[in-house]
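Residue numbers (the numbering used here): 1 to 330.
Note that CB positions come from ideal geometry on N, CA and C, so glycine has one too.
Every value quoted in this text rests on a predicted model; they were computed, and no experiment measured them.
Take a look at the structure below.
Below, the structure written as structure tokens:
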């Protein structure tokens with residue numbers, strides 16, 4: 001199989017490439033990545049089965065050429081950080097909407113299998129005391145430029161399946177954590193702050209709940225969908241990992257030998273969703289997927305170890321990230 005992976009030098013995409021090489025010796029991978037601040041070629045393995053192409057998914061000629069050479073496309077590429085979308089929404093419109101359009105148009109013309117990777121944030125949020133979870137039937141209710149452009153990209157894929165017969169599946173996943181995630185994100189920011197002797201930062205009271213999943217479990221689910229998912233279907237990926245942000249910060253502090261209350265509160269960001277929760281019953285029952293990392297604390301400990309052991313990977317991006325947060329007061 002020849003696989004085109006968009007955004008394959010980003011956090012989830014690069015881990016997907018590594019998992020693919022480790023588990024599927026018959027697959028070759030072409031990575032299409034613009035290598036913006038969030039993409040890092042150093043995250044990719046040095047392997048002859050991987051070809052890195054620097055380019056924009058909103059470049060229709062490049063996209064058409066690469067899709068024509070692939071048996072399947074796995075579309076990870078996205079602008080994905082909520083704080084950045086509040087600061088400047090345009091890159092999210094450009095990449096998440098226009099880029100997805102050019103990809104599905106190329107896949108339609110070439111009759112190429114397409115898998116679209118999305119987020120649970122398209123569903124909005126749940127009340128903290130609500131027993132409900134998101135399902136594939138939950139109405140979309142995005143609350144930020146990021147989640148609204150991801151919702152729009154999902155709807156484009158659905159429309160191309162119905163209108164043009166595109167062979168495509170969609171997955172909406174909960175919050176990922178694990179190795180090689182950019183330090184602007186919540187968990188690696190706290191870990192790297194502590195490594196640098198800086199107290200972690202917690203938005204508001206820290207009661208917002210996220211449904212955490214290890215990146216390897218997410219990517220194993222993507223492969224299950226790619227190989228066994230039914231065209232036109234949406235599969236939700238989650239590992240029953242609901243934890244509030246305050247508990248995440250306290251756990252990181254404990255794992256790194258600090259008092260669990262040794263953090264700073266900062267002003268909450270606008271439109272901060274309260275709670276995400278995934279019902280992955282369809283994925284589990286239809287495709288037989290189960291998470292390997294059932295214990296969030298142990299997965300978090302391994303993530304802490306990775307950032308300790310790979311400072312050369314994240315050090316260059318740390319200063320710029322913290323200067324940006326300083327300007328935004330976050």
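Pair within 8 Å by beta-carbon distance, residue 194 and residue 256: Contact check for residue 194 against residue 256 passes: the beta carbons are separated by less than 8 Å.
Nearest candidate by alpha-carbon position, reference residue 277, set 48, 44, 163, 125: Nearest Cα to residue 277 within the set 48, 44, 163, 125: 125.
Cβ neighbour criterion (16 or more within 10 Å) applied to residue 79: Looking at its Cβ environment, which holds 16 or more other Cβ atoms inside 10 Å, residue 79 is buried.
DSSP-derived helix/strand/coil call for residue 293: Reduced to three states, the DSSP call for residue 293 is coil.
Pick from 222, 158, 218 that is closest to residue 239, judged by C-alpha positions: Proximity to residue 239 across 222, 158, 218 peaks at 218, based on C-alpha coordinates.
Alpha-carbon spacing of residue 228 relative to residue 214, whole angstroms: Distance between the alpha carbons of residue 228 and residue 214: 21 Å.
Member of 1, 12, 123 whose CA lies at the smallest distance from the CA of residue 221: Looking at the Cα atoms, 12 is the closest of the given residues.
For residue 202, the three-state DSSP class (helix, strand or coil): In the structure shown, residue 202 sits in a strand (DSSP, three-state: E or B).
Nearest residue (CA-CA) to residue 114, options 122, 105, 120: Of the listed residues, the one whose Cα sits closest to residue 114 is 105.
Burial state of residue 38, where buried means 16 or more other Cβ atoms lie within 10 Å: It is buried - the Cβ of residue 38 has at least 16 other Cβ atoms within 10 Å.
Pick from 211, 199, 267 that is closest to residue 250, judged by C-alpha positions: Looking at the Cα atoms, 199 is the closest of the given residues.
Between the CA atoms of residue 162 and residue 63 - distance to the nearest angstrom: Their Cα atoms are separated by approximately 22 Å.
Bridge partners - residue 72, DSSP secondary structure assignment: Beta-bridge pairing by DSSP links residue 72 to 3, 113.
Separation of residue 242 from residue 192, as counted between CA atoms: Rounded to whole angstroms, residue 192 to residue 242 spans 23 Å at the Cα level.
Simplified DSSP assignment, three categories, for residue 183: Reduced to three states, the DSSP call for residue 183 is coil.
CA-to-CA distance, residue 210 to residue 127, given in whole angstroms: Near 12 Å, if we compare the C-alpha coordinates of residue 210 and residue 127.
Identity of the residues DSSP links to residue 265 by a beta bridge: Its beta-bridge partners are 202.
For residue 35, the first and last residue of its enclosing beta strand (DSSP E): Boundaries cannot be given for residue 35, as no beta strand (DSSP E) includes it and DSSP labels it neither H nor E.
Minimum length 4: unbroken alpha helix (DSSP H) runs contained in the stretch 275 to 324: Every alpha helix (DSSP H) of 4 residues or more that sits fully in the stretch 275 to 324 is shown, in chain order, as 281 to 287, 296 to 309.
Boundaries (first-last residue) of the beta strand (DSSP E) holding residue 54: Secondary structure note for residue 54: its beta strand (DSSP E) is the uninterrupted segment 50 to 54.
Cβ-Cβ distance between residue 280 and residue 237 below 8 Å: Remark: C-beta atoms of residue 280 and residue 237 approach each other more closely than 8 Å.
Check whether residue 154 and residue 208 have beta carbons under 8 Å apart: The Cβ atoms of residue 154 and residue 208 do not sit closer than 8 Å to each other.
Close-in-space but distant-in-sequence residues of the same chain around residue 71 (CB under 6 Å, 5 per side omitted): Excluding the 5 residues flanking it on each side, residue 71 has same chain C-beta neighbours closer than 6 Å at 1, 2, in chain order.
For residue 182 and residue 157, believed in contact at Cβ under 8 Å, the rounded distance: Contact doesn't hold; Cβ gap of about 25 Å is too wide.
CB contact flag (residue 225, residue 287, <8 Å): Less than 8 Å divides the Cβ of residue 225 from the Cβ of residue 287.
Residues near residue 68 by beta carbon distance below 6 Å, same chain, minus five either side: The beta carbon of residue 68 sits closer than 6 Å to the beta carbons of 110 from its chain, once the five residues preceding and following it are set aside; these are given in chain order.
Simplified DSSP assignment, three categories, for residue 170: The answer is strand: DSSP assigns residue 170 an E or B state.
Buried or exposed (CB count within 10 angstroms, at least 16 for buried), residue 75: Burial call: buried.
Cα-Cα separation between residue 185 and residue 164, rounded to whole angstroms: The alpha-carbon of residue 185 is positioned some 37 Å away from that of residue 164.
Residue interval of the beta strand (DSSP E) (run including residue 126): Residue 126 -> no beta strand (DSSP E), and no H or E assigned at all.
CB contact flag (residue 77, residue 6, <8 Å): In this structure, residue 77 lies near residue 6, with their beta-carbon atoms less than 8 Å apart.
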